[in-house]
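Undergrad: Dumping the structure here so I can ask a few things about it.
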Amino acid sequence: MMGYITLLCWFGILLPQQDPDAALIRKLDAVEPGTRLAAAEDLAKLGPAVEKWLHKKVGSGSASRQRSLLLTAALLATEDSWEIIEKEARRGRRPEASRAYALMLYGAFHPEAGKVAAKDWRRGNSDFECSCLLAGLLARKGSLDLDGFHAIVDRKGTDRQKSLLAMLDCVHGRIASVSGEAGMVRGFQLLSTLIYGPQAVSALTASDLGKGLPEIWAMAALRQPGRDLNALKGMPLGGESGAVCFALREIEMDQRQAAFNFMNQRITSDPAASWLWGEAGDLGLDLRRAVDAKLTASEMAGLLRLALRNFDSAEEFAKLRVLAARAALAGRADDPKERWQAALMLALAGDVEDHPWFKQALENGTAEGRSKLQPLWLLASRKLDPGVARSQWLSNWSRDLGAGSVGFLDREGPRWVALSLVSGTLAARESENLQGFEEHFENKLDHSLTDEFYADLATFLASSHYRFHLR
12 MMGYITLLCW FGILLPQQDP DAALIRKLDA VEPGTRLAAA EDLAKLGPAV
62 EKWLHKKVGS GSASRQRSLL LTAALLATED SWEIIEKEAR RGRRPEASRA
112 YALMLYGAFH PEAGKVAAKD WRRGNSDFEC SCLLAGLLAR KGSLDLDGFH
162 AIVDRKGTDR QKSLLAMLDC VHGRIASVSG EAGMVRGFQL LSTLIYGPQA
212 VSALTASDLG KGLPEIWAMA ALRQPGRDLN ALKGMPLGGE SGAVCFALRE
262 IEMDQRQAAF NFMNQRITSD PAASWLWGEA GDLGLDLRRA VDAKLTASEM
312 AGLLRLALRN FDSAEEFAKL RVLAARAALA GRADDPKERW QAALMLALAG
362 DVEDHPWFKQ ALENGTAEGR SKLQPLWLLA SRKLDPGVAR SQWLSNWSRD
412 LGAGSVGFLD REGPRWVALS LVSGTLAARE SENLQGFEEH FENKLDHSLT
462 DEFYADLATF LASSHYRFHL R
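Structure, rendered in structure tokens:
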């Protein structure tokens, strides 16, 4: 997806060279890792105007500040900022937390990452650092030297490295398998069933693989033989049990619509509702609804996934919702997210009557608001290239709403990576999402269990900046 900085360049409103505000700089050393990440984001929003200051400050200050500055450099995504990441990701004499973090960012963002496996592998000084590189590459777009990585990892790689590489294979459309009892391996075997390619597992196998792992992984894994509508009627569907929505793939085609309608009455809260609607969109089901019903994020998620496969049908169903969307934008909705979803609905419907609203919103909006609205306006006016560009935007908008199996993997994939890298540390023990799985994710760590580096790493993995390269 086009970055915020790039979109600002479209409008020519980037600021001249400047030093950041002192209060913002202080946040780079904040106690909370989330505050540090937010400060890095705010620095990056200054664009190339901050590059001169950034180059001066890299290499000085606290370790936490340095990691924040590395993230700023990665988010800037300019030639000069790539130099900062590449330099920090070079191999040293011993493992270093700064290098491990840089390798994660290098793999996820740098345009040259992963193109020459042997060269990049030499950057790491330990199993952990090389695992950070592989984990970063899971979020990178573009081709990778997967055969080169296999030539290295298949011979002497750890379970962690082999599992990360197998997941890389999957997200790049290659069949992959890993054997073993480690939680990292079993987690891969479950989560990879939600990516095109790997074979579905039986209910019994899923139960065995899921022992000691997040229950939702086994619940979402595809199973054979497939369940039917009657089986669904006897299953719990509330809360995280909503992950059974992926059973839609197993159900006979003539029963899928009825199964979706049944589950839609019982799975009503996110994230599971967006998984359900996204899955229905991916399967091309009928997503019509009452004209006067209130808009929901889950319905928008389903329509976006449907639009990737059948744009005309998604447009037709979106037109059934324009009255509710117009009402939300007329001031009846105070929630910015609800207003954004309403604008997205109108863009998908493509009604000429709504063009004046988009033009006025672009004219009166803030720089950040205009950067978000511009692609919506292009879609609404049907000026967005119907090929790769439209698909990319539709995919990213659907992922922002947590749609379908991709939305599930955006949530659980980073948790799998985080467990492989920080399990057993203080950061993991303090995270509700990561605690309790240490026994099954025992891996060698390079640094003290209390090192704040692990908190920054876990926070980055849980952020919107890290998600598997999926469509």
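The C-terminal position of the sequence shown is numbered 482 in our numbering, with every residue numbered one higher than the one before it.
Don't be surprised by glycine CBs; every beta carbon is placed ideally from N, CA and C.
(1) Between the alpha carbons of Gly14 and Pro59, how many angstroms are there, rounded?
(2) Glu97 to Ala84, Cα distance in whole Å?
(3) Consult DSSP for Ser409 and reduce its assignment to one of helix, strand or coil.
(4) Taking Leu54 as the reference, which of Pro44, Ala318 and Lys38 has the closest Cα?
(5) Using a threshold of 9 Å, state whether the C-beta atoms of Glu423 and Pro225 are closer than that.
(6) Check Ser475 in the structure and name its three-state DSSP category.
(7) Counting only runs of 4+ residues fully inside the region 33-96, write out the alpha helix (DSSP H) ranges in chain order.
(8) Within 10 angstroms of the Cβ of Asp11, are there 16 or more other Cβ atoms? Answer buried if so, exposed if not.
(9) In three-state DSSP terms, what is Met195?
(10) How should Ala100 be labelled, buried or exposed, when 16 other C-beta atoms within 10 angstroms of its C-beta is the threshold for buried?
(11) Thinking just about the alpha-carbon of each residue, which of Phe471, Ala269, Arg134 and Pro367 is nearest to the one in Ala341?
(12) Mark Glu43 as exposed unless 16 or more other C-beta atoms lie within 10 angstroms of its C-beta, in which case mark it buried.
(13) Does the structure place the region 433-440 close enough to the region 460-468 that three or more beta carbon pairs sit under 8 Å?
(14) Which residues bound the alpha helix (DSSP H) around Pro425?
(15) Compute the distance between the beta-carbons of Gly118 and Gly153, then report whether it is under 9 Å.
(16) Within a Cβ cutoff of 7 Å, which residues of the same chain sit near Arg299, ignoring the five residues on either side of it in sequence?
(17) In angstroms with no decimal places, state the Cα-to-Cα distance between Ala50 and Leu35.
(18) Output yes or no for whether 9 Å exceeds the beta carbon distance between Leu175 and Ser142.
(19) Once you ignore the five residues that flank Ala229 on each side, which residues in its own chain have a CB closer than 7 Å to its CB?
(20) Since Glu140 and Arg110 should fall inside the 8 Å C-beta cutoff, what is the C-beta to C-beta distance between them, to a whole number of angstroms?
(21) Would you identify the three-state DSSP class for His480, choosing helix, strand or coil?
(22) Out of Gln77, Arg76 and Arg151, which one is the CA nearest neighbour of Arg478?
(23) Just to confirm before moving on: does the CB-CB distance between Phe419 and Phe273 stay below 9 Å?
(24) Classify Asn241: buried if its beta carbon has 16 or more other beta carbons within 10 angstroms, exposed otherwise.
(25) Fully enclosed by the region 160-194, which alpha helix (DSSP H) runs are 4 residues long or longer?
(26) Could you tell me how far apart the beta carbons of Asp180 and Leu157 are, in whole angstroms, since I believe they sit closer than 8 Å?
(27) With DSSP run on the structure shown, which of helix, strand or coil describes Leu233?
(28) Hey, Ser402 and Val417: beta-carbon distance below 9 Å or not?
(29) Compare the beta carbon distance of Leu319 and Ser409 with 9 Å and say whether it is the shorter of the two.
(30) Beta-carbon within less than 8 Å of Leu395's beta-carbon, same chain only, minus the 5 sequence neighbours each way: which residues are those?
(31) Asn275: buried (16+ other C-beta within 10 angstroms of its C-beta) or exposed?
(32) Using alpha carbons as the reference points, say which of Ala146, Glu123 and Glu107 lies closest to Asn136.
(33) Applying the criterion that 16 or more other CB atoms from any shown protein chain within 10 Å of the CB defines a buried residue, is Ser431 buried or exposed?
(34) Where do the N-terminal and C-terminal ends of the alpha helix (DSSP H) with Lys455 fall, by residue?
(35) Tell me, to the nearest whole angstrom, how far the beta carbon of Asp293 is from that of Gly103; I am working on the premise that it is less than 8 Å.
(36) Which word fits Phe22, buried or exposed, when buried means at least 16 other C-beta atoms lie within 10 angstroms of its C-beta?
TA: In brief:
(1) Unreliable placement is indicated for Gly14, whose pLDDT of 46 sits below 50; the coordinate value is still reported in the next sentence. Cα to Cα, Gly14 sits roughly 13 Å from Pro59.
(2) If you draw a straight line from the Cα of Glu97 to the Cα of Ala84, it is about 10 Å long.
(3) Taken through DSSP and simplified to helix, strand or coil, Ser409 comes out as helix.
(4) Distance from the Cα of Leu54 is smallest, within the candidate group Pro44, Ala318 and Lys38, for Lys38.
(5) In this structure, the beta-carbon distance from Glu423 to Pro225 falls below 9 Å.
(6) Of the three classes helix, strand and coil, the one that applies to Ser475 here is coil, per DSSP.
(7) Listed in chain order, they are 33-38, 44-56, 62-68 and 74-87.
(8) Here the chain has residues from 12 to 482 only, and residue 11 is not among them.
(9) Three-state result, Met195: helix.
(10) Label assigned to Ala100: buried.
(11) For the set Phe471, Ala269, Arg134 and Pro367, the Cα lying nearest the Cα of Ala341 is the one of Pro367.
(12) Label assigned to Glu43: exposed.
(13) Output reads yes: the region 433-440 touches the region 460-468.
(14) Looking at the DSSP string, the run of the alpha helix (DSSP H) that includes Pro425 is Gly415 to Val433.
(15) No.
(16) Phe328 and Leu331.
(17) Rounded to whole angstroms, the separation of the alpha carbons of Leu35 and Ala50 is 6 Å.
(18) Remark: C-beta atoms of Leu175 and Ser142 approach each other more closely than 9 Å.
(19) Excluding sequence positions up to five before and after Ala229, its CB lies within less than 7 Å of the CB of Leu201, Ala217, Ser218, Leu220 and Gly221, all in the same chain and listed in chain order.
(20) Indeed they touch by this definition, with Cβ atoms about 6 Å apart.
(21) Note: His480 maps to coil in three-state DSSP.
(22) Considering only alpha carbons, the answer is Arg151.
(23) No, Cβ-Cβ distance for Phe419 and Phe273 is not below 9 Å.
(24) Looking at its Cβ environment, which holds fewer than 16 other Cβ atoms inside 10 Å, Asn241 is exposed.
(25) You should have 170-182.
(26) Distance from Asp180 to Leu157 at the Cβ level is roughly 6 Å; contact confirmed, criterion being Cβ atoms closer than 8 Å.
(27) Leu233 falls in the coil class under three-state DSSP.
(28) Note that the C-beta distance between Ser402 and Val417 is not below 9 Å.
(29) Cβ distance < 9 Å, so Leu319 and Ser409 count as in contact.
(30) Closer than 8 Å at the Cβ level, and outside the excluded window around Leu395, lie Pro386, Leu389, Arg401 and Trp404.
(31) That one is buried.
(32) The residue with the shortest Cα to Cα distance from Asn136 is Glu107.
(33) Classification of Ser431: buried, given that the 10 Å Cβ count is 16 or more.
(34) Per DSSP, Lys455 lies in no alpha helix (DSSP H) and is assigned neither H nor E.
(35) So it is not a contact: roughly 45 Å between Cβ atoms.
(36) Legend: pLDDT at Phe22 = 40, less than 50; position of this residue unreliable, no value from coordinates given.
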